[in-house]
Every structure is written in structure tokens, then in C-alpha cells.
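What follows is a short report on a single structure.
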Amino acid sequence: MPETSENPDQGDRIAARSDGLKEAWAATLDDMDALAAEYEADGWETLTIPAGHTSTEAPESGDEERFGLVYVIPDNYAEEFSDVFDDGEFPRYDVFRNESHGQVFLVTLLADPESETAVFVAGGFERRGSRPLMGAASDAGTMYTHLQTLDGTQLGSFEHDDPEKFFPATDYDAVR
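In our numbering, the protein residues as written are -15 to 160.
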């Protein structure tokens, strides 16, 4: 009979990693809600969006002129986001990051002070796969956030002047 594992504790490690990632994602969503509540307390309109998937997109992965974080958002958020996006400028942004088990979890804040509207998008990506994007962002001195639906419909893109906010400092410094 073939052995399925040389280490009987491997299943326990996989389960522990899975539990850790679930806890980190739940904490990210809690952080997003808490941040939005702070803005709402100050009179801002807010929209919170938990991305169904987030990926790092470097120029080599497709469109050579497009790079950044791509948030795939559920259809039930698409219309409200599109309405907010069409009505605002969103010149201000911030990124709140945490890491767990090789995964970067983040909340991206997109803010329009003029209309007092803030969009919070939560997502996560594998740290090990982000190096090509870090290199492109470092070379360009800019970073982008793209929101789209699962079928690829582009809903909005944002340019950011500080790529370093999106990545762990040690990783970003290594590509400079």
C-alpha cells in the first residue's frame, strides 16, 4: 500500500495553516468594518467590499501597460461601486496590511474628501507571487488598484504614488 505522507503531522500542519488563514481573513474584514465605522462617525458615506479574489498583476502577465492589484468583486457590489466611482475623484488612499502564513491581507481605502465618500476593499494575495508586481511598481514609481467582476468587466482603476504601502517592506526593498 503506498504511503500518503512521510510525516503523520502533515495533515495537522495543513489544517493549522488553513485555520490561521481563515482567522486572518476574518480579522481583515473586521478591520475594514471598524475603519468604515470611523469614517461614518465623521459623517462620510462608506462602501465596504470584500473581494472574492485578489491577484497581483505584473506587465508580463498580460497587458504590458496594466499592472497592480486586481480585486475581483462580487456582482452584488458592482453596481453600487460603479455609482460611487462615477461620482467621485478619490485622490486619497491608504493601505492597511497584515501577513499570515505567507499571505498578505490588506484593506485598501479609496477616499474622496470633496464628497466625503470612502470605499474600503479587502483582499489578500500570496506574498511569494508578488515580486514581479513589486518590480514593476518600483520601476514606475506608481501602483494601481483595479476592480473588476468575475467575468472580467472593468469597474474602475486607481493610481497610487507610493507602491511601498502595498508590500512588506523587506520584500519591496529587495526589488529596488
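By construction, the Cβ of each residue, glycine as well, lies at the ideal position given by its N, Cα and C atoms.
Item: Between the C-alpha atoms of Pro116 and Ala42, what's the straight-line distance to the nearest angstrom?; Value: 6 angstroms
Item: Suppose the cutoff is 7 angstroms on Cβ atoms and the five residues either side in sequence are ignored; what does the same chain contact list for Tyr23 look like?; Value: Thr30, Ala102
Item: Leaving aside the five residues before and after Glu100 along the sequence, list all residues of the same chain whose C-beta is less than 7 angstroms from its C-beta, in chain order.; Value: Gly27, Trp28, Glu29
Item: Look at the alpha carbon of Ser84 and the alpha carbon of Ala62, and state the distance between them as a whole number of angstroms.; Value: 28 angstroms
Item: For the candidate residues Arg1, Glu143, Val54, Ala25, whose alpha-carbon lies nearest to that of Phe109?; Value: Val54
Item: Does the pairing of the segment 7 to 20 with the segment 72 to 87 give three or more beta-carbon distances under 8 angstroms?; Value: yes
Item: Assuming Arg111 contacts Gly86 (C-beta within less than 8 angstroms), just tell me the rounded distance between them.; Value: 5 angstroms
Item: Given that a residue counts as buried once 16 or more other Cβ atoms are within 10 Å of its Cβ, and exposed if not, what is Ser2?; Value: exposed
Item: Please report the residue range of the alpha helix (DSSP H) in which Thr126 lies.; Value: Taken as a continuous stretch (DSSP letters only), Thr126 belongs to no alpha helix (DSSP H), as it is neither H nor E.
Item: Hey, would you say the C-beta of Val56 is under 7 angstroms away from at least one heavy atom of the ligand MN?; Value: Absence of the ligand MN from the depicted structure is noted, as is the absence of any ligand whatsoever, leaving it without description.
Item: Could you tell me the distance, in whole angstroms, from the CA atom of Gly4 to the CA atom of Phe69?; Value: 34 angstroms
Item: Assuming Gly36 contacts Leu134 under a Cβ cut-off of 8 angstroms, what Cβ separation, rounded to an integer in Å, is found between them?; Value: 7 angstroms
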